[in-house]
Structures are given as C-alpha cells and as structure tokens.
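Student: Quick one: this structure, given as structure tokens, is what I'll be asking you about.
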Amino acid sequence: MSTRSRQTSSKSGPDRREKASMTAPVMRRRSKAMMRKMVALLGLALIVAMPCWAGNGNMLHGFGAVNSSMGGAGAGLWVEDPVGALMFNPALISRSDGNHVFFGTEFFKDGVEIDVAVTNGPTGSADPSNQLGILPAIGWTLQEEGSKLGFGFGLIAIAGFRTDYPEDPASIAFAQPPAGFGRIYTDHRVVKIPTAVSYQANDKLALGLSVNIYAGELAIAPLPFRVFDVVGDDDANRFYAQGDGLDLSFAWSIQPAFLYEVSDLISVGGSLTTEQDFAEFRWNSTIAHPDDPNYGKHRRLGFDLDGPMNVTMGVGITPGGKTQIAADVTWLKYDGVGGFGLPGGIIDRVIQPFGWHNVWAYKIGAVHQVNDKHTLRLGYNYGSVMMPKRNVLTATGAPAFFKHHFSLGHTLQVNEFMRANMGFYYVPRSGATGPFINLDGDTVGTVEESNTLTSLQVGLSWAFGGS
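Using the working numbering, you'd call the opening residue of the sequence shown number 2 and step up by one each time.
Rendered as structure tokens:
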C-alpha cells in the first residue's frame, strides 16, 4: 500500500501528489471508514470555525472607546475622535481644530459554542481555551487654523479571530491523529496603519484621502484547506500539516472620503476603502503522515486571506449644543475576496472554508455633554450574518454570528487638555444551525454554532493647539 500527499496551494492550481510505500497494510471496515469521514469533516469544520473578535464580518463593529461606544457610527459627524475619523471618514479631519491624539486599548472576551449531532451516531462539542484579548487603537489628527489641509495618522487593530482547542482523547474531533485532529490552534490579526489628508474645498465641502497599510498575521494548525496526506486511496483517513507560527503579510488600500455640511443641523459624509490584497500567508511545515518515508521533512504551506472592500455612509445631526446623533450604514464586500470569498461547502471532496456573503451593518449613536466634566454616549449596531445556513459547517472561518451590539461610554474631562475615555459593549449570544454533511455531500446530521462577546475599552485623549 502507498501513502499519498495531496497538496494544492490556496491560490488556484493543480493538485500535487507524492507516493511512497508503507511498511504494512491497514484493513478497515466500511463503518469505521464512514466514521473517519465524518470525524474528518467535523475536524475541518471546527478548524475553520474559529472564535473571533470581529463584529461586522471579520471587522470590529467600532474602533476605540469613543467610536465603539457609539455603535461604530460617526462617518458624518465629528465627535473629537481621531480613531473613528481615520477608520470611517478621513474628511472629518477638517473639523479637528488643532491636534487631537488618542491612545486606547480594548479588552474583550468571546464565548464560542459548537455542537454537532450525527443521525444515529455520536455527538460532540467544542470548548476552546480562550484568553482575554487586547487590541490597541492609536490616532492623531491635525487641522491648523487658517489652513485648508489637515493630516492624520494611526495604528488600529481592526479584525481577526483566534482559538486554542486542546487535544481530547474522548472527543470525536480532538483525539490524537489519526482518530482525530489533536490540538487545533488558530490566530489571525489585522492592524490598519492609515496616513490621511483632508482638504477644505469650500465652506460646506471637505474631501479626504487615506493611504492605508495593513499588517496581517495568520496561524492555522493544522491547515485544512486542500492540503492533506492520505493512506493509499482512502482519502477519508487524512493527516494534516501544521501551519503554526504566525506568518506576517502586508496589504494596502486607498480610502477617498467626503464631508458635506447641509446646514448647522445636518451633515453627511462617507468613504470607500478598497479591497486589501494580502500576499499569501506561508509557513514552513513538514510531511504529516507518520508512515510516509518523508515524514517530518520540510514542506511549504500557503493560504490566501484578504480583506473586503467596504463603503460607509453616515449622517450627523446636532439638535442642540450639547447633544449629537450619528446614523451610518456600512457595506462590506466579501464576494470574490481571497479566503472569505471561497464558495463554501464541499467541492470534489475538498472543504471550501468560509463562503461568506456580503455584509450590511446599520449603526446609530448619540453623545450628550452632561456638564463641563462629563460626556455620555450610547450606541447600537446591527450586522447581517454573512453565511447561508447551508454553509454553517464550512463557511465559518470565524463564527462571527454577532448581530446586535449594545454599547455605552463615558468621557471625563481631566484638565484643559486631557480626557479619560471609557467604552463598553455587549453582544448577546446568537448563532445558526445547518446541515452536517460528509465528504460526499450527504447530510448526516446537524451542526450548531454560536458566539457572544463582551468588551471594555479605555483610553486617554488630548486636544491642544486649536482656536
């Protein structure tokens, strides 16, 4: 009997197969083979069903203590928040009035749950070892008095997911290979580094442009997509290579924007951010099958995971001197995006991760200055779920079933120049149930995935040099 490695890069291309003789034949009954197929598929689903810290698609719903506590709204309203301006509308820099600097951190905890039930067969669940997540948000804007040009710069964590499932001999998915997949570890992080400029075209219209650099890191161990070692012709008994160790990749985008003052009461604004085409993530790995004469020898793995184009439009309302209201709509285009835009499901007995649809996010937020010391904020964000139920098993590169985001925040004026900012949001548990299908595309059970998220943001901001 022979061993065979099946490996196709995440970019398009033909399969490459390697054969070598085994030391002894392995006999299996049909029922055990079917069980291996189901376990293999379950493991793949769990690998690509990674706990995430996203909110709208793979992106956070808001950024920094101010913007996040307003539900991510504010593309048409300046609320003295450089981070929100750099994320959703760099034309807002024209309203900065001097220097505005923000340093902040988000602390979050998610709670993914995955349950699988096979008809007349085993059931299983997944409980990852999640740790407290920490995300930075840094922004600076400058609009000098008398100048038509404004400038901004930032470093903002914007997207990602992660998980760490321990090996479990009692699990139908996490037992030591080949009975299961053993430990499953994933980590994905994206940081946006915007460099922005605004231009005051006239009394009512301001234009903005940001050139954004993205630093993305990714680890997936084992890597399930198109890469597996098999025994003979039995491709249900799969050994998967490790894509462990964070690999760094870069991308860039441009972000044109505008802000228009309709009246003293109403302003509108928006921006478009182009798709982020990351270089393929690649890892040094090894042949995974222990019966392969080349077992443990070097191989290269790769996976393509890009970022979506997104468009945001917002309106700002200032009904009084102390109260402001923002309402936004954001559209994220995942169709055709590397990784996220894969078809989902199973094609030619190969798992197609993600299979995400485009996402719509609806946001509303309000800010009220109680007195000279205290300012309060409230927000709500609703995001559509990006995968159809038929792809619940294979389309969840992160189980981002987050729909409803409820947020609030507070700012304390510490002195003439400095403010202390706090934000909090909660995402109630939500999820979906879809068919559990085997490698031949037959429905053999159900899979249910859900998630919840709790987050606290804190930060300090300074305003100086204005009129």
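Don't be surprised by glycine CBs; every beta carbon is placed ideally from N, CA and C. Predicted, not measured: the structure shown is a model, and the values here were computed from it.
1) Just tell me which of N59, T453, D349, A92 has its CA closest to the CA of F226.
2) Tell whether a beta-carbon distance below 9 Å holds between M71 and A252.
3) Quick check: what's the CA-CA separation for A222 versus G140?
4) Counting along the chain, where does the alpha helix (DSSP H) carrying N238 start and finish?
5) Give me the DSSP bridge partner(s) of W284.
6) Going straight from the alpha carbon of Q256 to that of K334, what length do you get?
7) According to the neighbour-count rule (16 or more other Cβ atoms, all chains shown, within 10 Å of its Cβ), is P170 buried or exposed?
8) Would you identify the three-state DSSP class for W463, choosing helix, strand or coil?
9) In angstroms with no decimal places, state the Cα-to-Cα distance between F461 and F108.
10) What do you reckon, are the CB atoms on A76 and M387 nearer than 9 Å?
11) Smallest Cα separation from G340: which of L306, N131, I352, A362?
12) Alpha carbon to alpha carbon, how far is A433 from G356? Give it in angstroms, no decimals.
13) Going straight from the alpha carbon of L377 to that of V80, what length do you get?
14) Quick one: residues in its chain with C-beta nearer than 8 Å to the C-beta of H375, no 5 flanking neighbours on either side, listed in chain order?
15) Once DSSP output is grouped into helix, strand and coil, what is the label at L61?
16) Mind reading off the beta-carbon distance from G63 to G73? Whole number of angstroms is fine, and I expect it under 8 Å.
17) Pull the bridge partners of G435 from the DSSP assignment, please.
18) Please report the distance separating the alpha-carbon of I214 from that of S254.
19) How close, in whole Å, do the beta carbons of F304 and L249 come, if the pair is a contact with beta carbons under 8 Å?
20) Need the endpoints of the alpha helix (DSSP H) that P83 sits in, please.
21) Would N238 pass as a contact of V231 if the rule is Cβ separation under 9 Å?
22) Using 8 Å as the cut-off, can you tell me whether the segment 148-162 makes contact with the segment 195-205, which would need three or more C-beta pairs spanning the two stretches below that distance?
23) Give me, in chain order, the residues of the same chain whose beta-carbon lies closer than 7 Å to that of P137; leave out the 5 immediate sequence neighbours on both sides.
Tutor: On the basis of the supplied data:
1) Taking the first residue of the sequence shown as position 1, residue 226 is located at position 225. When each option's Cα is compared against that of F226, the closest is D349.
2) The residue labelled residue 71 in the question sits at position 70 within the sequence shown. The residue labelled residue 252 in the question sits at position 251 within the sequence shown. No, they are not a contact pair.
3) As a working note, residue 222 is residue 221 in the sequence shown. As a working note, residue 140 is residue 139 in the sequence shown. Taking the straight line joining both Cα atoms gives about 34 Å.
4) Locating residue 238 in the sequence shown gives position 237, counting from the first residue. Where N238 is concerned, there is no enclosing alpha helix (DSSP H), although the beta strand (DSSP E) it sits in stretches over 235-240.
5) Start at 1 with the first residue of the sequence shown, and residue 284 comes out as number 283. L302.
6) The residue labelled residue 256 in the question sits at position 255 within the sequence shown. The residue labelled residue 334 in the question sits at position 333 within the sequence shown. Using only the alpha carbons, I get a separation of about 15 Å.
7) In the sequence shown, residue 170 corresponds to position 169, counting from 1. P170 is exposed by the Cβ-count criterion.
8) Locating residue 463 in the sequence shown gives position 462, where the first residue counts as 1. In the three-state reduction of the DSSP assignment, W463 falls in the strand class.
9) On the sequence shown, position 460 is the one that residue 461 refers to. On the sequence shown, position 107 is the one that residue 108 refers to. According to the sequence provided, residue 461 is Leu. The question's Phe does not apply to it. Taking the straight line joining both Cα atoms gives about 15 Å.
10) Within the sequence shown, numbered from 1, the residue matching residue 76 stands at position 75. Within the sequence shown, numbered from 1, the residue matching residue 387 stands at position 386. No; because the gap between Cβ atoms is not below 9 Å, this pair is not in contact.
11) On the sequence shown, position 339 is the one that residue 340 refers to. Among L306, N131, I352, A362, the Cα nearest to that of G340 is on L306.
12) On the sequence shown, residue 356 is found 355 positions in, with the first residue counted as 1. On the sequence shown, residue 433 is found 432 positions in, with the first residue counted as 1. Going from the Cα of G356 to the Cα of A433 covers about 15 Å.
13) Position 376 of the sequence shown, counting from 1, holds the residue named residue 377. Position 79 of the sequence shown, counting from 1, holds the residue named residue 80. Distance between the alpha carbons of L377 and V80: 12 Å.
14) By 1-based counting over the sequence shown, the position of residue 375 is 374. In chain order, H411, T412, L413, Q414 place their CB closer than 8 Å to the CB of H375, counting only its own chain and leaving out the 5 sequence neighbours on each side.
15) As a working mapping, residue 61 is identified with position 60 in the sequence shown. Looking at L61 - three-state DSSP - the assignment turns out to be coil, as it is neither helix nor strand.
16) Walking along the sequence shown from the start, residue 63 turns up at place 62. Walking along the sequence shown from the start, residue 73 turns up at place 72. Right, their Cβ atoms sit about 4 Å apart.
17) Sequence index remark: in the sequence shown, residue 435 carries index 434 (1-based). DSSP, once it has assigned bridges, lists V448 as partnering G435.
18) Taking the first residue of the sequence shown as 1, we reach residue 214 at position 213. Taking the first residue of the sequence shown as 1, we reach residue 254 at position 253. Answer to the nearest angstrom: the Cα atoms are 7 Å apart.
19) Here residue 304 refers to the residue found at position 303 when the sequence shown is read from its first residue. Here residue 249 refers to the residue found at position 248 when the sequence shown is read from its first residue. With a Cβ gap of about 14 Å, F304 and L249 do not count as contacting.
20) Within the sequence shown, residue 83 is the residue found at index 82, counting from 1. 83-89 is the span of the alpha helix (DSSP H), which, as asked, contains P83.
21) As a working note, residue 238 is residue 237 in the sequence shown. As a working note, residue 231 is residue 230 in the sequence shown. Yes, the pair counts as a contact, with Cβ atoms nearer than the cut-off.
22) yes
23) Here residue 137 refers to the residue found at position 136 when the sequence shown is read from its first residue. Closer than 7 Å at Cβ, skipping near neighbours: T106, L156, A158.
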